[in-house]
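A.B. asks:
Chains as they are written, first to last, in our numbering: chain L, 1 to 215; chain X, 1001 to 1349.
Okay, here's the thing in structure tokens:
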């Protein structure tokens, strides 16, 4: 359903291409609904700027600021000229009453965030480092679209640094684990991708480790 | 149409792992949700209150149930499909608001647990150093517009912070490089206040604030305001309130840069308070709020007004101001805590 947002024009702000909308670590007191243009969400990890997400018109960013003023966990940079509606806790009520659709959208966004965070957390609860790395692949495969469900093989265009990050370990440690998997022929490592030969094998492996922990 | 359904004691509404897109509202009876704690794997139980919805998250998020819903006593429920549930809450934004609060708390809790597990990581960086580091990263990458944003923000939030001097130097360096690079000159979308410059380039000693620059006239004008402002802030922190006050006043009368005028107006109020000129302080903040109803330090200003009344022994009025602050700020904001504490003290006396 298209939202009529003309009544919120007074909250409109524009950003030029490459402008930072908000910056990691800065106190967050506003959130945005993108009306036009794209926004890149990035985080600087070590010496690398990582693109976490690219948001399109209709999407919301900075939503954690609605309920509390915590430091931003990532930066938002305008990829194009961006027009967005800017809200804060004070005018949020106005927004809600004027357009409950947006509130509902936020609610759905939160359910998704909770699920994603829990899924990430599940990886970190595994004590076994191999199981952690395997579980990263499982998590990635769960959100992968277009993979043939009848095939056991999965291809991931993911870097070792990324996997190390999700697995909560140093890239060196992660490389060790991946090399071990490679010698076992469970995976193949290429410069631009990692191929998991049998995702179900990883599924069983992680499942057994997780059960061992609960018992 | 939402359906009213009766469940017998010891029956199951849904199992963990089920794909089921219904939302339930408990009208009467007793329902318990059984789930495993994500950190310890321990079995946990949550009792649903009558009048409460359950099954919302997995239904809205379209993922499998994370808990098993068990009926402990004969219960009556209303069962909604997702579109039906959406219709109900759209007509009752209070419900959405309440759920948003619950969900955001859950999200915070998970994030906190995650940080605990990763505590050995660089995750525990403090925001002040973190923000400064971001600026340094972009400066190194020659992405000057972004570096400038981060450093300017740093100075806005931490005008007398650990890295403020270096931030000023870096801003100036970034502006200079941006100019020679020719592509990303300071952009107009950023408030002009941010074109602060206070000293030598990156190589100059950090404490130097006096070396002169060959920069364009317009930039010099703006830097002068910025420099003046930060000098005055520094005077204030040395408790030289009278001198600081004069400096802030002259920024306001200079009328060059609205951003700095607004900031200086707030600081003038703080000076007056520190100098125990409470009537003047109240009058000043009242005028400031009228002129800048959206001033970033509005709530802080109200706190000062409340404190002025308290100093004048008008505790009733003071309390009213503190109470207003509670409704205008979040519970974990510093000013909110200060206000709560002040109210407690007043009520205790």
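Where is the CB? At the ideal position from N, CA and C, for every residue including glycine. Predicted, not measured: the structure shown is a model, and the values here were computed from it.
Determine whether the beta carbon atoms of residue 1027(X) and residue 1076(X) lie at a separation below 7 Å.
C.D. replies: Counted from its first residue, the second chain places residue 1027(X) at position 27. Counted from its first residue, the second chain places residue 1076(X) at position 76. Taking 7 Å as the Cβ cut-off, residue 1027(X) and residue 1076(X) qualify as a contacting pair.
A.B. asks: Contact criterion: CB-CB distance below 7 Å. Does residue 174(L) meet it with respect to chain X?
C.D. replies: Here residue 174(L) is taken as the residue at index 174 of the first chain, counted from 1. No, its Cβ sits nowhere closer than 7 Å to a Cβ of chain X.
A.B. asks: For residue 1130(X), return the contacting residues in chain L, with the cut-off set at a CB-CB distance below 8 Å.
C.D. replies: The residue you call residue 1130(X) lines up with position 130 of the second chain. Those are 24, 25 and 71, listed as they occur along chain L.
A.B. asks: Identify the contact partners of residue 1309(X) in chain L, using a Cβ-Cβ distance below 8 Å as the criterion.
C.D. replies: As a first step, residue 1309(X) must be located in the second chain, where it is residue number 309. Ordered by position in chain L, no residue passes the 8 Å Cβ test against residue 1309(X), which lies about 24 Å from the chain.
A.B. asks: Quick one: any contact between the stretch 189–208 of chain L and the stretch 142–162 of chain L, if contact means 3 or more CB pairs under 8 Å?
C.D. replies: As far as the Cβ criterion goes, the stretch 189–208 of chain L touches the stretch 142–162 of chain L, which means the pair count is three or higher.
A.B. asks: In the stretch 96–112 of chain L, which residues sit with their C-beta less than 8 Å from some C-beta in chain X, listed in chain order?
C.D. replies: Cβ contacts with chain X: 96, 97, 100, 101, 103, 104, 106, 107, 108, 110, 111 and 112.
A.B. asks: Measure how close the beta-carbons of residue 14(L) and residue 83(L) come, nearest whole angstrom, since I'm counting them as under 8 Å.
C.D. replies: The residue labelled residue 14(L) in the question sits at position 14 within the first chain. The residue labelled residue 83(L) in the question sits at position 83 within the first chain. Indeed, because the Cβ distance is near 5 Å, the residues count as touching under 8 Å.
A.B. asks: To the nearest angstrom, how far is the alpha carbon of residue 66(L) from that of residue 22(L)?
C.D. replies: On the first chain, position 66 is the one that residue 66(L) refers to. On the first chain, position 22 is the one that residue 22(L) refers to. Rounded to whole angstroms, residue 66(L) to residue 22(L) spans 15 Å at the Cα level.
A.B. asks: Just checking my contact of residue 1068(X) with residue 1016(X) at CB under 8 Å: how many whole Å lie between their CB atoms?
C.D. replies: As a position in the second chain, residue 1068(X) is number 68, starting the count at 1. As a position in the second chain, residue 1016(X) is number 16, starting the count at 1. Rounded, the Cβ-Cβ distance is 5 Å, consistent with contact.
A.B. asks: CA-CA distance, residue 1172(X) and residue 100(L)?
C.D. replies: For the purposes of this step, residue 1172(X) is identified with residue 172 of the second chain, where counting begins at 1. For the purposes of this step, residue 100(L) is identified with residue 100 of the first chain, where counting begins at 1. Answer to the nearest angstrom: the Cα atoms are 45 Å apart.
A.B. asks: Given residue 1010(X), which residues of its chain have a CB within under 7 Å of its CB, disregarding the five upstream and five downstream residues?
C.D. replies: For this step, residue 1010(X) is matched to residue 10 along the second chain. Same-chain partners within the cutoff: 1071.
A.B. asks: Is there a C-beta anywhere in chain L that falls below 7 Å from the one on residue 1057(X)?
C.D. replies: On the second chain, residue 1057(X) is found 57 positions in, with the first residue counted as 1. Answer yes: the Cβ-Cβ gap between residue 1057(X) and chain L drops below 7 Å somewhere.
A.B. asks: Out of 133(L), 77(L), 106(L) and 25(L), which one is the CA nearest neighbour of residue 167(L)?
C.D. replies: Locating residue 167(L) in the first chain gives position 167, where the first residue counts as 1. Considering only alpha carbons, the answer is 133(L).
A.B. asks: Which value, in whole angstroms, describes the spacing of the CA atoms of residue 28(L) and residue 1297(X)?
C.D. replies: Your numbering for residue 28(L) matches position 28 in the first chain. Your numbering for residue 1297(X) matches position 297 in the second chain. Distance between the alpha carbons of residue 28(L) and residue 1297(X): 15 Å.
A.B. asks: Closer than 7 Å, Cβ to Cβ, to anything on chain L: give me those residues from the stretch 1074–1097 of chain X, in chain order.
C.D. replies: Under the 7 Å Cβ criterion, the stretch 1074–1097 of chain X contributes 1086, 1089, 1090, 1093, 1096 and 1097.
A.B. asks: What is the C-beta distance between residue 38(L) and residue 95(L), in whole angstroms, given that I count them as a contact (C-beta under 8 Å)?
C.D. replies: Position 38 of the first chain, counted from the start, is the residue given in the question as residue 38(L). Position 95 of the first chain, counted from the start, is the residue given in the question as residue 95(L). Not really, about 22 Å apart at Cβ, beyond 8 Å.
A.B. asks: Roughly how many angstroms lie between the CA atoms of residue 152(L) and residue 188(L), to the nearest whole one?
C.D. replies: Your numbering for residue 152(L) matches position 152 in the first chain. Your numbering for residue 188(L) matches position 188 in the first chain. Whole-angstrom Cα-Cα distance: 14 Å.
A.B. asks: By Cβ distance, which residues of its chain are closer than 6 Å to residue 1121(X), with the 5 residues on each side in sequence left out?
C.D. replies: Indexing the second chain from 1 puts residue 1121(X) at position 121. Bear in mind that a pLDDT of 49 at residue 1121(X), under 50, signals an unreliable position, so the number given afterwards is only what the model happens to contain. Nothing listed; no residue qualifies.
A.B. asks: Using DSSP bridges, identify the partner residues of residue 53(L).
C.D. replies: In the first chain, the residue the question calls residue 53(L) occupies position 53. DSSP, once it has assigned bridges, lists 41(L) as partnering residue 53(L).
A.B. asks: Quick one: what does DSSP say residue 78(L) is sitting in, helix, strand or coil?
C.D. replies: Here the question's residue 78(L) lines up with position 78 in the first chain. Strand, per DSSP.
A.B. asks: Could you tell me the alpha carbon to alpha carbon distance between residue 949(X) and residue 1270(X), rounded to whole angstroms?
C.D. replies: The shown model of chain X, from 1001 to 1349, leaves out residue 949(X), and the question about it has no answer.
A.B. asks: Report back the beta-carbon spacing between residue 1335(X) and residue 1299(X) to the nearest angstrom; my notes put them in contact at under 8 Å.
C.D. replies: Indexing the second chain from 1 puts residue 1335(X) at position 335. Indexing the second chain from 1 puts residue 1299(X) at position 299. Indeed they touch by this definition, with Cβ atoms about 5 Å apart.
A.B. asks: What distance in whole Å lies between the Cβ atoms of residue 1290(X) and residue 20(L), which are believed to be in contact at a cut-off of 8 Å?
C.D. replies: Within the first chain, residue 20(L) is the residue found at index 20, counting from 1. Within the second chain, residue 1290(X) is the residue found at index 290, counting from 1. Actually they do not touch by this definition, with Cβ atoms about 32 Å apart.
A.B. asks: Which class does residue 1304(X) belong to by DSSP, given the choice of helix, strand or coil?
C.D. replies: The residue you call residue 1304(X) lines up with position 304 of the second chain. Here residue 1304(X) sits in helix by DSSP.
A.B. asks: Measuring only the C-alpha atoms, how far is residue 1123(X) from residue 139(L)?
C.D. replies: If you number the second chain from 1, residue 1123(X) lands on position 123. If you number the first chain from 1, residue 139(L) lands on position 139. Here the model assigns residue 1123(X) a pLDDT of 48, short of 50, so the residue's position is not dependable and the matter cannot be decided.
A.B. asks: From residue 1012(X) to residue 1341(X), what distance separates their C-alpha atoms?
C.D. replies: Taking the second chain and counting its residues from 1, the one referred to as residue 1012(X) is at position 12. Taking the second chain and counting its residues from 1, the one referred to as residue 1341(X) is at position 341. Approximately 48 Å between the Cα atoms of the pair.
A.B. asks: Can you list, in chain order, the residues of its chain with a C-beta nearer than 6 Å to that of residue 1237(X)? Leave out the 5 residues immediately preceding and following it.
C.D. replies: Position 237 of the second chain, counted from the start, is the residue given in the question as residue 1237(X). Closer than 6 Å at the Cβ level, and outside the excluded window around residue 1237(X), lie 1160.
A.B. asks: Rounded to the nearest angstrom, what separates residue 1064(X) and residue 1058(X) at their Cα positions?
C.D. replies: For the purposes of this step, residue 1064(X) is identified with residue 64 of the second chain, where counting begins at 1. For the purposes of this step, residue 1058(X) is identified with residue 58 of the second chain, where counting begins at 1. Distance between the alpha carbons of residue 1064(X) and residue 1058(X) is about 6 Å.
A.B. asks: Applying the criterion that 16 or more other CB atoms from any shown protein chain within 10 Å of the CB defines a buried residue, is residue 1047(X) buried or exposed?
C.D. replies: Your numbering for residue 1047(X) matches position 47 in the second chain. Exposed, since its Cβ has fewer than 16 Cβ neighbours within 10 Å.
A.B. asks: Residues of the stretch 112–144 of chain L with a CB closer than 8 Å to any CB of chain X: list them in chain order, please.
C.D. replies: Residues passing the 8 Å Cβ filter: 112, 113, 114, 115, 117, 118, 120, 121, 122, 124 and 125.
A.B. asks: Alpha carbon to alpha carbon, how far is residue 1168(X) from residue 1158(X)? Give it in angstroms, no decimals.
C.D. replies: Position 158 of the second chain, counted from the start, is the residue given in the question as residue 1158(X). Position 168 of the second chain, counted from the start, is the residue given in the question as residue 1168(X). Going from the Cα of residue 1158(X) to the Cα of residue 1168(X) covers about 12 Å.
A.B. asks: Could you list the residues in the stretch 1278–1298 of chain X with a C-beta less than 8 Å from some C-beta on chain L, going in chain order?
C.D. replies: Answer set for the stretch 1278–1298 of chain X: empty.
A.B. asks: Compare the C-alpha of residue 1244(X) against each of 1228(X), 1255(X) and 1150(X) and name the closest.
C.D. replies: Stepping through the second chain from its first residue, residue 1244(X) is reached at position 244. Nearest of 1228(X), 1255(X) and 1150(X) to residue 1244(X), Cα basis: 1228(X).
A.B. asks: Spell out whether any CB of chain L is found under 7 Å from the CB atom of residue 1002(X).
C.D. replies: Position 2 of the second chain, counted from the start, is the residue given in the question as residue 1002(X). Residue 1002(X) does not count as touching chain L.
A.B. asks: Comparing the C-beta of residue 1117(X) with each C-beta of chain L, is any distance below 7 Å?
C.D. replies: Translated into the one-based positions of the second chain, residue 1117(X) becomes position 117. Yes, contact with chain L.
A.B. asks: Quick one: which chain L residues come within Cβ less than 8 Å of residue 1039(X)?
C.D. replies: On the second chain, residue 1039(X) is found 39 positions in, with the first residue counted as 1. Those are 121 and 125, listed as they occur along chain L.
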